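Line order of the protein sequences matches chains H and U.
Everything in the first sequence is counted per this note's numbering, starting at 141 for the first residue and increasing by one.
Everything in the second sequence is counted per this note's numbering, starting at 102 for the first residue and increasing by one.
Where a beta carbon is used, it is the ideal one built from N, C-alpha and C, also for glycine.
All values derive from a computational prediction rather than experimental measurement.
Okay, structure first, notes after.
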Amino acid sequence: MTAPPDDCLARNEWICGAYLTSRRGILWDATLQHLQLAAASVLLGLVIAVPLALAARHRRWAAGPVLALTTVLYTIPSLAMFSLLLPVYGLSAALVVAGLVLYSLTLLVRNILAGLRAVPEETRQAARGMGYGPLRMLLTVELPLALPAAMAGLRIATVSAVSLVTVGAIVGFGGLGNLVYAGMNTYFKAQVLTASVLCVVIAVAADLLLLAVQRLATPWTRRGR
Amino acid sequence: MNTLTDAWSWLTAPAHWPGPDGIGARLLEHLLLTVVCLLIACAVALPVALVLGHLGRGGALAVNISNIGRAVPTFAVLVLLLLTPVGGFGQGPTVVALVLFSIPPLLTNAYVGMREVDQDVVGAARGMGMTGTQVLRQVELPLALPLVLTGVRIAAVQLVATATLAALVGGGGLGRIITAGFNLASTPQVVAGAVLVAVFALVVEGIFGVGQRLLADRSRSGKPS
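This is the structure:
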């Protein structure tokens with residue numbers, strides 16, 4: 141007769157090295173899914189947000205409805221958002237991405253618009269006086285000057301998306317959230333804690349990465365300090 | 102469109118309203134959780150933020166706590182709390198998580214509001230011989246009130262969202278209608294629950310928005326508040 145193993149897994153401890161080694165594959169797959177869902181949502185959100193923000197900036201009548209819509213979308217709780225999309229997407233990864241795109245969109249549109257509105261009128265006039273057309277002005281003057289505010293929005297959107305992916309566990313596509321959900325049902329402490337900590341680590345790492353990108357992309361904001 | 106009519110007939114079915122699992126009881130639970138936790142969070146966060154803002158200390162903490170709150174997944178915290186001894190007390194994990202996640206917006210906004218008060222005004226008040234407490238109560242707090250209230254509004258909306266997620270770990274509230282719908286594979290019920298939650302969140306946001314506007318009108322017209 142063999143005695144039951146007496147390791148941290150059997151004792152159901154919060155911190156457990158044996159969990160990390162024995163479940164490496166599961167953790168890696170969940171992390172990968174987490175990264176894919178969050179990255180897809182933020183990138184899609186960015187692709188949709190830029191034209192919306194530009195439209196709201198240049199067509200005065202569009203600003204009100206765009207901002208009102210983003211406020212309404214942002215107010216709807218995540219679980220309700222995913223649930224409202226259920227009839228459209230069914231139980232799929234697309235549902236999670238669509239829900240997160242709507243949240244990222246909100247944060248990005250507001251911040252890009254704020255950045256564009258903060259471009260000084262004198263700068264715009266100077267560019268116009270130098271013969272810049274609307275497109276050249278947008279690409280070489282307005283967008284670069286709006287970049288710091290836009291990047292701030294992108295960082296918030298990314299961190300939020302990484303955190304909200306976990307709620308996708310309700311439809312089985314929650315990345316590390318799936319492990320938290322499964323761990324809850326089996327009272328598996330090590331799994332819940334490890335997956336939760338990994339979520340926070342991903343969020344912080346993504347934030348720092350984007351901060352580094354922002355510093356490289358906007359060297360002028362550091363000059364003269 | 103079929104799902105929407107199904108969801109509507111689910112919502113309007115008289116059988117779904119009464120009883121301990123009915124819409125009425127869940128609505129009341131959700132309201133109660135939101136109000137009680139908002140009061141607790143305000144009682145904890147606002148005095149700290151106002152005193153820190155008055156003294157001009159602890160700014161880094163007050164501002165960064167929002168970023169930390171955003172990076173930590175609500176769902177993971179709910180599950181972690183459920184597995185700790187707190188989980189033994191019925192709604193314990195829900196209440197603790199709700200209070201924890203509503204503190205950052207309260208703290209950050211109230212602190213920033215206090216710091217943005219015109220320092221000349223504070224100097225004048227001191228020159229008139231006001232004590233520190235008098236300056237805090239009669240000068241800084243009224244001037245910081247709009248931002249303090251913005252924090253309360255954001256916290257209230259956050260509370261509604263967190264209370265919804267609490268259903269995933271067995272907490273009460275409207276989220277239970279959604280999770281029960283998922284368990285029954287009943288899309289109409291899921292959508293009906295989501296509509297209830299979304300409307301609830303928008304109403305909360307709307308009430309606070311109107312309240313803020315009324316207050317702004319009153320202070321602009323110069324009447325004592």
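Residue 336 of chain H sits buried, since 16 or more C-beta atoms from the chains shown fall within 10 Å of its C-beta. Straight-line measurement puts the Cα of residue 149 of chain U at about 45 Å from the Cα of residue 229 of chain H.
Listed along chain H, the residues sitting closer than 9 Å to residue 171 of chain U by beta-carbon distance are 296, 299, 300, 303, 343. In chain order, 222, 225, 226, 229, 311 place their CB closer than 7 Å to the CB of residue 235 of chain H, counting only its own chain and leaving out the 5 sequence neighbours on each side. Rounded to the nearest whole angstrom, the C-alpha separation of residue 165 of chain H and residue 171 of chain H is 10 Å.
Put simply, the backbone Cα of residue 330 of chain H is about 8 Å away from that of residue 149 of chain H. Residue nearest to residue 346 of chain H within the set H:303, H:195, H:323 is H:303 (criterion: CA-CA distance). Its chain contains 355 as the residues whose beta carbon lies nearer than 8 Å to that of residue 362 of chain H, once the 5 sequence neighbours on both sides are disregarded; these appear in chain order. Only 212, 215, 216, 217, 218 from the segment 188-218 of chain H bring a Cβ to less than 7 Å from some Cβ of chain U. By the Cβ neighbour-count rule, residue 279 of chain H is exposed, with fewer than 16 other Cβ atoms within 10 Å of its own. Straight-line spacing of the CA atoms in residue 308 of chain U and residue 136 of chain U works out to 13 Å.
For a cut-off of 8 Å, the C-beta gap from residue 154 of chain H to residue 333 of chain H is around 5 Å, short enough to register as a contact.
Annotated three-state conformation of residue 155 of chain H is coil, per DSSP.
Under the three-state reduction of DSSP output, residue 189 of chain U falls in the helix class. Residues of the segment 247-265 of chain U with a Cβ closer than 7 Å to any Cβ of chain H, in chain order: 258, 261, 262, 265.
Around the CB of residue 321 of chain H, 16 or more other CB atoms lie within 10 Å, so the residue is classed as buried.
Taking the Cα of residue 284 of chain H as reference, the smallest distance to any Cα among H:265, H:255, H:250, H:317 is reached at H:255. Below 8 Å, enough C-beta pairs join the segment 286-306 of chain U and the segment 106-120 of chain U to call them touching: three or more. Taking 7 Å as the cut-off, the beta carbon of residue 163 of chain U is found no closer than this to the beta carbon of residue 203 of chain U.
Nearest neighbour of residue 132 of chain U by Cα position, chosen from U:316, U:265, U:212, turns out to be U:265. When the five nearest sequence neighbours on each side are left out, the beta carbons in the same chain lying within less than 7 Å of the beta carbon of residue 317 of chain U are those of 247, in order along the chain.
Proximity of chain U to residue 170 of chain H at the Cβ level (cut-off 7 Å) is not reached, the minimal Cβ distance being about 13 Å. When C-beta atoms of the segment 241-259 of chain H are compared with those of the segment 291-307 of chain H, three or more pairs fall below 8 Å, so the two segments count as touching. Taking a contact to require three or more Cβ pairs closer than 8 Å, the segment 208-227 of chain U and the segment 151-169 of chain U qualify as touching. In the three-state reduction of the DSSP assignment, residue 118 of chain U falls in the coil class, being assigned neither a helical nor a strand state. Residues of the segment 320-352 of chain H that bring their beta carbon within less than 8 Å of a beta carbon in chain U comprise 320, 321, 323, 324, 327, 329, 332, 333, 335, 336, 339, 340, 343, 344, 347, in sequence order. A distance below 7 Å between beta-carbons, with the five flanking residues on each side excluded, links residue 237 of chain U to the following residues of its chain, in chain order: 151, 155. If you look at residue 262 of chain H, you'll find it in the alpha helix (DSSP H) that goes 261-269. Proximity of chain U to residue 317 of chain H at the Cβ level (cut-off 9 Å) is accounted for by 174, 176, 177, in chain order. Taking each of U:310, U:313, U:288 in turn and checking the Cα distance to residue 103 of chain U, the smallest one comes out for U:288. DSSP places residue 314 of chain H outside both helix and strand once states are collapsed to three, so it counts as coil. When rounded, the separation of the alpha-carbon atoms in residue 281 of chain U and residue 204 of chain H is 38 Å.
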